[in-house]
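The numbering of the sequence shown is the numbering used here, which starts it at 154 and goes up by one. In this text, a Cβ means the ideal position worked out from N, Cα and C, and glycines have one as well. This structure is a prediction, so every number in the text was calculated from the model and none was measured.
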Amino acid sequence: MQVILLMTGALLITFFGYYMEIMLWIAICASGSGQGISFGNTVSWAIQFMEMNACEFMIFPIAGGIGGFVMVYTTGALFDQDPINFPYMIVVHASASIVAFIGMETVAITMTRRKKGAYEVEKAAESCDPIE
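Structure representation (structure tokens):
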């Protein structure tokens, strides 16, 4: 849902934001609603599908900080060149989020299948009678 909100907001800003002020505000709200929950969802996904210790888990806040830093300066540089670049930057960001979402879903499906296979092997081993 967050990716749909983010992409919908980005496309609305790109196509209608320049011409209609109310559409710009609606699109910014939709885009912000989609972006605002992405960090929490990513952390939740990592907890569910990956086994990490505390040091490995620190990758998420560090990567989130670096991503936020790079996004602000890239958007600022493009906005200084020409303000019309801002909506295109949002569309690129939304597209990258969709690619990341597809990658995360692929990993989740693979990890779920592996866990299910390991569970079935373990269950089969438990059901066998020990040889005495």
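In this model, Asp-233 and Arg-266 are separated by some 48 Å (Cα to Cα).
At the C-beta level, Thr-167 and Ala-183 stay beyond 8 Å of one another. Within 10 angstroms of the beta-carbon of Val-252 lie fewer than 16 other beta-carbons, which makes it exposed. Tyr-226 sits in a helix when the DSSP states are folded into three classes.
DSSP places Tyr-171 in the coil class of the three-state scheme, outside both helix and strand. Nearest to Leu-231 by alpha-carbon distance, out of Met-211, Ile-219 and Val-245, is Val-245.
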